[in-house]
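So the protein lines, in turn, are chains D and W. The opening residue of the first sequence carries number 857 in this note's numbering; numbering runs sequentially from there. The opening residue of the second sequence carries number 811 in this note's numbering; numbering runs sequentially from there. Notes to accompany the following structure.
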Amino acid sequence: MRYGMFIDLDRCAGCTACIVACKQENGTPGTLHYSRVLVREVGEYPNASLAVIPTGCMHCENAPCVQVCPVGASYYENGMVLVDQERCIGCRACVNACPFGARTYNHYDPLKQLYYEGQEPTPFEQAKAAQHLKGTVEKCTFCVHRVKEGLLPACVLTCVAQARVFGDLDDPDSELVKIIRERNARPLNPEAGTVPHVFYAGSF
Amino acid sequence: MRLSRRDLLKGTAAAGTLAALGGGWRFAERSVFAQKATPPQKVEYFKGYCRMCMHDDCANITRVEDGIAVKVEGNPESPINKGTLCPRGNSAIISMYNPYRVKAPMKRTNPKKGLNEDPGWVEISWDEALDLVASKFRAIREKDPRRLMHLVGFGMMDYFTTFGAPHLPVFTASFGTPNHVTNNGALCAIHYATWVAQGAFPVPIVDYQRCNYHLAIGRTAGPNAGFANGPTRAVAKAMERGMRLVSVDPRCSVEGSKGEWVPIKPGQDLAFILALIHVILYEIKKVDVEFLTHRTNGPYLINAAGDYLRSSAGKPLMWDPAAGQAKEFDDPSLARPALEGEYQVNGTTAPTAFTLIKAAMRSYTPEWAEERSTVPAATIRRIANEFVEHAMIGATIEINGTTFPYRPVAVICARGSINHENGTTVDLASKILNELVGALDVPGGVLSTMRGPVLQPDADGTVMKQGEYAGVPFSYPPVHTDLAEFFPGRHALPHMAFRAILDPAKYGLDYPIEGLFVCGGNPVSSLADPELMAEAIAKVPFTASIAYHFDEVAQLSDVLLPEHAMLERLGTNTSDADFAGVFEDTIGISVTMVRKPVPPIYNTRHAHNISIDLLERIGALQEMNGFFNNAVVPMGELAAVPLAPQHKLQMDRKYTIEEIWDRALQSMHGDGKGLEYFFEQGMVVHRVPEEQCYNYFYFPGNKTRHPLFFWGVKEHGDILLANLAKHNLEVPGWSNADLKKRYEPIPSYYETNLMRAPTEYDLIAINWKTPASMFRMGGVDQLPWLHQVQEEYDPYFNVACLNAQTAQAKGLVDGDRVVIESLYGKIEAKIRTSQLFHPTTLGIAGATGRLVDSVGSKARSLIHFNSLISAKEGTFDPVMGAVDIGVAVKIRKV
């Protein structure tokens, strides 16, 4: 079992629904996001266009973040890269090691860096954000808690363009493996040699 | 706080599913964020649907853990949104927990009203609040019910007491005032021409399952808005199978990037469209003669006055070349009328309508259009050719045994091109373009959101005048405070209503507005001339608002009646149409959804129950019950149901919204299928056969005619002008000669205020909807999750976008702070240079910006585009009321 994801950049509208769904699902405090959508302009007026690419943790097979972790807090599991929050000492070696900028260090007490500035924490923050701990490193988990319940990661379910496919890279009959093959999808930044589990089709 | 994996596995759900997933699974015993430390005691699910935009198609499910809403996601069972939700829909929880909500009924203690006046709110009981409001409104009703204005808007859009389309709005009808004013609409008045040409509301849509060439002029086809209800996927899939998407827009959007971007100078879409028509008629010379001859009024003979030449029986005449004589349009012996030519009838020369249209287009060459629109003449010629080629004129398709013409092309204009002073003309011209290739209401082409016999012909044989095309009868003094009598094709005229409140005599109104009842509309933030709007509201002696938050209108109110947030609000919506486009997987679907409310967190009530309580206390309960018994219960934007005999209401009893909807749902779906049934099921889906989704089906062949020559529009103008002459009047802002031009039956080019702006105003500010800043329903412009994603990931958010070369010429670089000034207002913003904007354009994205601090300093700090625009008389579209969203501006560095 090796979980992976396919993202079709021809379909992605850059609408950011994935970021907000991720925010909601994981209850990340303050302005912390696991999921991102990067935007850039290509060409010059009038032959210009907008390119968008959703990113996050690439769940690499040969992950520098796992290698540099001095306490073994980052680990592999069913093709996913996860962080054991009990072990993380917040040294941030992994933040620097990740070639995709996927990791974030939690600088603040989750109930002090609030959604609505200058207001009380919302009941949602008290229930969800409060579970995140200051002084540790966080990142996309492929919504492992949902996957274990047989659900799709939040970003995959919510994607209005249905640009994302989630599945098992080890299963040759899975929709994921088929679409990666059909669309000749490839990872970002393969030169880094990290063997990502997120594959993109379309131009980037 | 920190638990190990071992602890987590004690949760039964996790352990159970682990086993079910089989042997491949093995999870290390470690803790990962976002796993709940202690399993909740109680988990509840509330099936519902979203209302974070006006489409309201998307089914959702809210997960509530120990009384706290922790997740809203798309209901995967919905055939419409299939589990997906847009960024706004994903923010519903944070809208509910918005600390700037009104949390209890409030009474104003400071009699002075203004955007900068502290209202001095004092919390009161619901009884006191309702009694106070009802006593004021009852006094108005006894004196003169017209003196109450009900202002509604997208903020509270469940179709019950506040909206009644396509029927009468219930609150206003029961109260007895003609003054039902919809605040939404003036900045999105895009409906009139579709009423005219297709007999339908609200918008034309594309048959994405079959269309091969979509020319989107100032329009979001789907992806730009990130709509979850289908068009984003449909456009993606259509493009995967080869549909060409051509986006004609001053801004290169995501759609322009995925398809082809044709940059155009804002406000010059009419020149571009007229030139396309010119190229088709004079250069390509290929049109759908069958469609024009048999399905439009193109062959109707026109007299010297520009009216239909009629028989002695009053019927329009066409020329029968076979018989060499004119015949009534429905004469069975008239097999094939002449489309083109001039004919002698009873001693006069009468050309066909098509002949006049063609002659009128002669001067609109691509070179002429290039001068105005900046779109190269060669590009205009190429697009015209591609459009005609892709139309496959003459092709047919069989669907379930019915043969249809097959025209896989669509030109659609929308807010970006229509919401201008000349918007009616722009949109009518776009209809002609589609009609030239026969692409209206047939497979592959431009459809409408209404299915059924909407193309039914009137006595003249052309599509019946319905909705906004039916017009408002003239009377003077005017009956309506929004002056609908002067703008009979209007979509919404809140801008005139508030001007009339300030100076009723100027407009001939013989009564003032003494009470304002607001439910979901905000003309201060979401219209033009914000200060003027605020001044008008402040002038009304008594204003009561059903309020979600302390917005500008709340700030100016006397009493606030706090309402539930979307997730707390019981709702039902029947979406009886392919609202956002036709897709192979959803065509023909009709879905009824019910939102099971999550328990409210504050002392708020359902907006409709507040309205019902007020009607009872005002003494208008019988009128309301009578309305529901004798007419219909609105169940959605395009759906309504008569109550079944066993569900009729007792006239003297007060029913709650829960009771009425329960009866209405059972009347619609059968006994036993009321609220409780829907709370469990979430939705009921029906599907009509595919062939019935193309309105050609109901009136095939020559059974109806789309207007190509817009005689009905001219007729409206003639009647209006005759009445104005009779009363020796002019519509303030327009000379009668100006008005006549706007009601011409053939679109022609004319200058607008935008084009006449003083030369120092050398840029044109434009505005567009974005996925995260679209409308303001649910307080979208206040929500931190949406602020965050835009600030971090949308480089065009909360900045003034300027073409890089234009910026260079002005000596501006990224981050420079500038003052942006129009003839009407002034704002400040940071510059963002870009390759994605037309050189004449200053782009400001989204519906943001506030004029009060009480919605939070963040929302207040965002750019307020609407401060730049104006609905001054003489500057908006006098036919449908559209306020120009393009405005000439000058900028200078701070």
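Ideal placement from N, C-alpha and C gives every residue a C-beta, glycine not left out. Keep in mind the model is a prediction, meaning the values are calculated, not measured.
Where W:F1011 sits in the DSSP three-state scheme = Here residue 1011 of chain W corresponds to residue number 201 of the second sequence, with the count starting at 1. Here DSSP, grouped into helix, strand and coil, assigns W:F1011 to coil.
Assuming W:T1643 contacts W:D1624 (C-beta within less than 8 Å), just tell me the rounded distance between them.
-> Numbered from 1 along the second sequence, position 833 holds the residue referred to as residue 1643 of chain W. Numbered from 1 along the second sequence, position 814 holds the residue referred to as residue 1624 of chain W. That belief holds up - the Cβ atoms of W:T1643 and W:D1624 are roughly 5 Å apart, short of 8 Å.
Should D:A983 go down as buried or exposed, given a rule of 16 or more other Cβ atoms within 10 Å for buried?
-> Within the first sequence, residue 983 of chain D is the residue found at index 127, counting from 1. Buried: at least 16 other Cβ atoms inside 10 Å.
How about W:Q1491: is its C-beta nearer than 7 Å to some C-beta of chain D?
-> Translated into the one-based positions of the second sequence, residue 1491 of chain W becomes position 681. Cβ-Cβ to chain D under 7 Å: no for W:Q1491.
Burial state of W:Q1008, where buried means 16 or more other Cβ atoms lie within 10 Å | Stepping through the second sequence from its first residue, residue 1008 of chain W is reached at position 198. With 16 or more other Cβ atoms within 10 Å, it is buried.
For chain W, find out if any of its Cβ atoms is closer than 7 Å to the Cβ of D:S905; answer yes or no.
-> Translated into positions along the first sequence, residue 905 of chain D becomes position 49. Closer than 7 Å: yes.
Top-ranked residue by Cα proximity to W:S1355, from W:L1371, W:L1425 and W:E1362 = Locating residue 1355 of chain W in the second sequence gives position 545, counting from the first residue. Comparing Cα-Cα distances from W:S1355 to each of W:L1371, W:L1425 and W:E1362, the minimum goes to W:L1371.
Assign W:K1406 to one of two classes, buried (16 or more other C-beta atoms within 10 Å of its C-beta) or exposed (fewer than that).
-> Sequence index remark: in the second sequence, residue 1406 of chain W carries index 596 (1-based). Buried: at least 16 other Cβ atoms inside 10 Å.
In chain order, what residues of the region 850–884 of chain W put their CB closer than 9 Å to some CB of chain D?
-> Shown in chain order are the members of the region 850–884 of chain W whose Cβ falls below 9 Å from a Cβ of chain D: P850, E875, D876, G877, I878, A879, V880, K881, V882, E883 and G884.
Output, in chain order, the set of chain W residues within a Cβ distance shorter than 8 Å of D:C830.
-> Here chain D covers residues 857 to 1060 and nothing more, so residue 830 of chain D does not appear.
Classify D:P1052 as helix, strand or coil using the three-state DSSP reduction.
-> As a first step, residue 1052 of chain D must be located in the first sequence, where it is residue number 196. Here D:P1052 sits in coil by DSSP.
Residues in the region 894–922 of chain D with C-beta within 9 Å of chain W's C-beta atoms, listed in sequence order?
-> Residues L894, V895, R896, E897, V898, G899, E900, Y901, P902, N903, A904, S905, L906, A907 and V908.
Member of W:A996, W:A1085, W:G1684 and W:P1322 whose CA lies at the smallest distance from the CA of W:R1192 = Looking up residue 1192 of chain W in the second sequence gives position 382. The residue with the shortest Cα to Cα distance from W:R1192 is W:A1085.
Around the C-beta of D:F1060, are 16 or more other C-beta atoms found within 10 angstroms, so that it is buried, or is it exposed?
-> For the purposes of this step, residue 1060 of chain D is identified with residue 204 of the first sequence, where counting begins at 1. Exposed: under 16 other Cβ atoms inside 10 Å.
Under 7 Å between C-beta atoms of W:L1678 and W:A1575 | In the second sequence, the residue the question calls residue 1678 of chain W occupies position 868. In the second sequence, the residue the question calls residue 1575 of chain W occupies position 765. Against a cut-off of 7 Å, the Cβ pair of W:A1575 and W:L1678 comes out as a contact.
By the 10 Å Cβ neighbour count, where 16 or more other Cβ atoms means buried, how is D:M861 classified, buried or exposed?
-> Within the first sequence, the letter at position 5 stands for residue 861 of chain D. Residue environment: D:M861 is assigned as buried (16 or more neighbouring CB atoms within 10 Å of its CB, all protein chains considered).
Please name the residues in the region 1039–1064 of chain W whose beta-carbon is closer than 8 Å to at least one beta-carbon of chain D, in chain order.
-> Within the region 1039–1064 of chain W, the residues whose Cβ lies closer than 8 Å to some Cβ of chain D are T1042, R1043, A1046, M1049, E1050, C1062, S1063 and V1064, listed in chain order.
Can you name the residues of chain D whose CB is closer than 7 Å to the CB of W:P1605?
-> Position 795 of the second sequence, counted from the start, is the residue given in the question as residue 1605 of chain W. Simply V895.
Are the Cβ atoms of W:T1206 and W:T1212 separated by less than 7 Å?
-> Within the second sequence, the letter at position 396 stands for residue 1206 of chain W. Within the second sequence, the letter at position 402 stands for residue 1212 of chain W. No, they are not a contact pair.
Alpha carbon of W:K1096 to alpha carbon of W:L1166, nearest angstrom = On the second sequence, residue 1096 of chain W is found 286 positions in, with the first residue counted as 1. On the second sequence, residue 1166 of chain W is found 356 positions in, with the first residue counted as 1. Those two C-alpha atoms are separated by around 17 Å.
Of all Cβ atoms in chain D, is any one closer than 7 Å to the Cβ of W:Q845?
-> The residue labelled residue 845 of chain W in the question sits at position 35 within the second sequence. Its pLDDT being 49, under 50, W:Q845 is placed unreliably by the model, and the measurement read from it follows with that caveat. Answer yes: the Cβ-Cβ gap between W:Q845 and chain D drops below 7 Å somewhere.
Using a Cβ-Cβ cut-off of 7 Å, state whether D:K968 counts as contacting chain B.
-> Although the question refers to chain B, the structure presented lacks it and instead comprises the protein chains D and W.
Interface residues of chain D facing W:G1036 [CB-CB closer than 9 Å] = To locate residue 1036 of chain W, count along the second sequence from 1; it is residue 226. Neighbours of W:G1036 across chain D, judged by C-beta separation under 9 Å: A869, G870, C871, T872, A873, V1016 and A1017.
What are the start and end residues of each continuous alpha helix (DSSP H) run of 4 or more residues lying completely inside the region 1350–1416 of chain W, in chain order?
-> Runs found: 1362–1365.
Residues sharing a beta bridge with W:T872, DSSP | For this step, residue 872 of chain W is matched to residue 62 along the second sequence. Answer by DSSP bridge pairing, in chain order: W:F856 and W:V882.
What does W:N1613 reach in chain D if we use C-beta pairs closer than 8 Å?
-> Taking the second sequence and counting its residues from 1, the one referred to as residue 1613 of chain W is at position 803. Within chain D, the residues placing a beta-carbon under 8 Å from that of W:N1613 are Y901, ordered along the chain.
Tell me whether W:L1431 sits in a helix, a strand or coil according to DSSP, three-state version.
-> By one-based count along the second sequence, residue 1431 of chain W stands at place 621. Note: W:L1431 maps to helix in three-state DSSP.
Residues near W:A795 in its chain [Cβ-Cβ closer than 8 Å; skip 5 each side] | Residue 795 of chain W is absent from the model: chain W starts at 811 and stops at 1704.
Any beta-carbon of chain D closer than 7 Å to the one on W:V1609?
-> As a first step, residue 1609 of chain W is located in the second sequence; it is residue number 799 there, counting from the start. Between W:V1609 and chain D, the shortest Cβ-Cβ separation is not below 7 Å.
Check whether the Cβ of D:F980 lies closer than 7 Å to any Cβ atom in chain W.
-> Locating residue 980 of chain D in the first sequence gives position 124, where the first residue counts as 1. Interface residue, yes.
Just the chain W side, please: which residues come within less than 7 Å of D:Y964 by C-beta, in chain order?
-> Residue numbering aside, residue 964 of chain D sits at position 108 when the first sequence is read from its first letter. From the beta-carbon of D:Y964, no residue of chain W is found nearer than 7 Å; the closest lies around 14 Å away.
Span of the alpha helix (DSSP H), counted from its first residue to its last, around W:R1515 = To locate residue 1515 of chain W, count along the second sequence from 1; it is residue 705. For W:R1515, no alpha helix (DSSP H) run applies, since DSSP gives it neither H nor E.
Please go through the same chain and pick out, in chain order, the residues whose beta-carbon is closer than 7 Å to the beta-carbon of W:C896, but skip the five residues on each side of it.
-> As a working note, residue 896 of chain W is residue 86 in the second sequence. Excluding sequence neighbours, W:C896 sits near G1036, F1037, A1038 and P1581.
Anyone know if the C-beta pair for W:F1585 and W:A1657 falls short of 7 Å?
-> Translated into the one-based positions of the second sequence, residue 1585 of chain W becomes position 775. Translated into the one-based positions of the second sequence, residue 1657 of chain W becomes position 847. By the CB criterion at 7 Å, W:F1585 and W:A1657 fall inside the cutoff.
Secondary structure at D:K968, three-state DSSP: helix, strand or coil?
-> Counting from one through the first sequence, the residue named residue 968 of chain D turns up at place 112. It is coil, neither helix nor strand.
Show which residues of chain D have a CB atom less than 9 Å away from the CB atom of W:P1581.
-> For the purposes of this step, residue 1581 of chain W is identified with residue 771 of the second sequence, where counting begins at 1. Correct list: A869, G870, C871, T872, A873 and V1016.
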